[in-house]
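Accompanying notes for the structure given below.
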Amino acid sequence: MYRLRRPTDREIAALLGASPAESSYAEVGATRTLDSPSAQLAARYNVDHYEFDIGHGPETFERARDALMAWRHFEIPWLALHGATAPVKEGQVVATLVSVAGLWFLNPCKVVYSARSDDVAEFAYGTLAGHPEQGEERFRVRLDRATHKVKYEIDAFSRHALLLTRLGAPFARRLQRRFAKASAEALVRAVA
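For what it's worth, numbering that gives the first Met the number 0 labels the leading residue of the sequence shown as 0, then goes sequentially.
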């Protein structure tokens, strides 16, 4: 959903409360296996993988895991996250708000799964109706037991859902890359 003016917190809360629970794409949960995306998925979507080193050692991993599940990787100056008043949980509806070229984009998503193990924490959220894209994004923190490096990974598949994002496709893709880098920087700050 896009507007010429910034929506009020009340309007955002109403939208989040009224957002349909149904995803705007068919492949719900497909990021679980995005490490080796199918040719069919890659033919229908842009498939992205970003990986960042965010530290070293089990203590850093513990802090990164906790920060990820507390939505700290969304502490980005040019983006506002709404609906994330509790830690990540399946079914949770959130929305990002960002201003681009004088337009305000409110992007509703729903957490489709989350998982934790001794050396991995991850969750994915998928787009809901009104989001300018269709698809899913997985956020993962993992501890490499061999090197003790802590990695932050973002894996996503998406396609443009609105005529406006189709027309501005190169800019939309650039914004997605900018978000990935800013999200990693936010997680590093949260872990420090």
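Each residue gets a CB set at the ideal place from its N, CA and C atoms; glycine is no exception. Computed from a prediction, not measured in an experiment: that's the story for all the values here.
task = Measure the C-alpha to C-alpha separation of E26 and G134 and round it to an integer number of angstroms.
result = 8 angstroms
Residue environment, T30, which counts as buried when at least 16 other CB atoms sit within 10 Å = buried
query = Going by DSSP, what residues sit across from S98 in a beta bridge?
reply = W103
message = Just to confirm, is the Cβ distance from V149 to F60 under 7 angstroms?
response = yes
query = In terms of residues, what are the limits of the beta strand (DSSP E) holding E50?
reply = 45 to 55
message = Is the beta carbon of V87 closer than 7 angstroms to that of F122?
response = yes
task = Tell me Q133's beta-bridge partners as DSSP assigns them.
result = R158
message = So, at 8 angstroms on beta carbons, what are the nonlocal neighbours of L161 in its own chain, with the 5 sequence-adjacent residues on each side left out?
response = Y1, P131
query = Near P107, what residues of its chain come up, given a Cβ to Cβ distance below 8 angstroms and the 5 sequence neighbours on each side ignored?
reply = M0, L14, L15, S18, V92, V93, A94, T126, L127, A128, G129, H130
query = So, using beta-carbon positions, are H147 and G56 closer together than 7 angstroms?
reply = yes
query = Going straight from the alpha carbon of A171 to that of S116, what length do you get?
reply = 34 angstroms
query = Would E206 be called buried (16 or more neighbouring beta carbons within 10 Å of its own) or exposed?
reply = Any property of residue 206 remains undetermined from this structure, which presents the chain solely from 0 to 191.
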